[in-house]
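S.K.:
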Amino acid sequence: MATQIFLNLPVEDLNRSVAFFTKLGYTFNPQFTDEKATCMIISDTIYVMLLTKPFFQTFTSKRIIDAHKEVECSICISADSKDAVNEMVAKAEAAGAVVPNPATDYGFMYQHSFADLDGHHWEFVWMDPNGVPEHQ
């Protein structure tokens, strides 16, 4: 069995977050969805659990940060092309995300990012495996 990744993110309003990510083209597993959480499907092995903040808090004694003011991680997802990167960021912005910076093009790698409705940092990246510079 392949290793699966379940990223857990606290959200202020679960329904609002589901509506946002639905506009980006993601679907959700109804088996793992209720009023406190949902399972967003990224791929066959990658999932994002969107948890209401009170429910998320039951898994930790640490304070949940305000992702609009602080960052704990950057969620980076690969895309098939530069156009796919731009398309995803455009969908996110149209759905209410904040795009803090313009795209960055390194030639062999292209990336663009946005902050979702809860301030979580999402980055989409395309890389040309034949163009990656060799380390010296």
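Per our numbering: the sequence shown = residues 2 to 137.
Where is the CB? At the ideal position from N, CA and C, for every residue including glycine.
Keep in mind it's a predicted model, so treat the numbers as computed, not measured.
1) Let's see if you can read the secondary structure: which residues bound the alpha helix (DSSP H) around residue 21?
2) Would you mind stating whether residue 54 and residue 13 have Cβ atoms separated by less than 8 angstroms?
3) Below 6 angstroms CB to CB, which residues in the same chain sit around residue 8 once its five sequence neighbours on both sides are set aside?
4) Inspect the beta-carbon positions of residue 11 and residue 76 and report whether they are closer than 8 angstroms.
5) I need the DSSP call for residue 29, collapsed to helix, strand or coil.
6) One question on the structure: do residue 86 and residue 127 come within less than 8 angstroms of each other, judged by their Cβ atoms?
7) Between 60, 118 and 110, which has its C-alpha nearest residue 84's C-alpha?
8) In whole angstroms, what is the alpha-carbon distance linking residue 16 and residue 39?
9) Counting only runs of 4+ residues fully inside the stretch 45-127, write out the alpha helix (DSSP H) ranges in chain order.
10) Check residue 3 in the structure and name its three-state DSSP category.
11) For residue 43, does the three-state DSSP call read helix, strand or coil?
12) Three-state secondary structure (DSSP) at residue 131?
13) Expressed to the nearest angstrom, what Euclidean distance is found between the alpha-carbon atoms of residue 19 and residue 67?
M.R.: In short, the structure shows the following:
1) Position 20 of the sequence shown, counted from the first residue, corresponds to residue 21. Counting along the chain, the alpha helix (DSSP H) containing residue 21 begins and ends at 15-24.
2) Numbered from 1 along the sequence shown, position 53 holds the residue referred to as residue 54. Numbered from 1 along the sequence shown, position 12 holds the residue referred to as residue 13. For residue 54 and residue 13, yes; Cβs fall inside 8 angstroms.
3) The residue labelled residue 8 in the question sits at position 7 within the sequence shown. Here the set comprises 49.
4) Numbered from its first residue, the sequence shown carries residue 11 at position 10. Numbered from its first residue, the sequence shown carries residue 76 at position 75. Not a contact, by the Cβ cut-off of 8 angstroms.
5) The residue labelled residue 29 in the question sits at position 28 within the sequence shown. Reduced to three states, the DSSP call for residue 29 is strand.
6) Along the sequence shown, read from residue 1 onward, the residue named residue 86 stands at position 85. Along the sequence shown, read from residue 1 onward, the residue named residue 127 stands at position 126. Cβ distance < 8 angstroms, so residue 86 and residue 127 count as in contact.
7) Here the question's residue 84 lines up with position 83 in the sequence shown. For the residues 60, 118 and 110, the minimum Cα distance to residue 84 belongs to 110.
8) In the sequence shown, the residue the question calls residue 16 occupies position 15. In the sequence shown, the residue the question calls residue 39 occupies position 38. Cα-Cα distance, rounded: 10 angstroms.
9) 54-58 and 83-95
10) The sequence position of residue 3 within the sequence shown is 2, counting from 1. Correct three-state label for residue 3: coil.
11) Taking the sequence shown and counting its residues from 1, one reaches residue 43 at position 42. Looking at residue 43 - three-state DSSP - the assignment turns out to be coil, as it is neither helix nor strand.
12) Your numbering for residue 131 matches position 130 in the sequence shown. Correct three-state label for residue 131: coil.
13) Counted from its first residue, the sequence shown places residue 19 at position 18. Counted from its first residue, the sequence shown places residue 67 at position 66. Whole-angstrom Cα-Cα distance: 19 angstroms.
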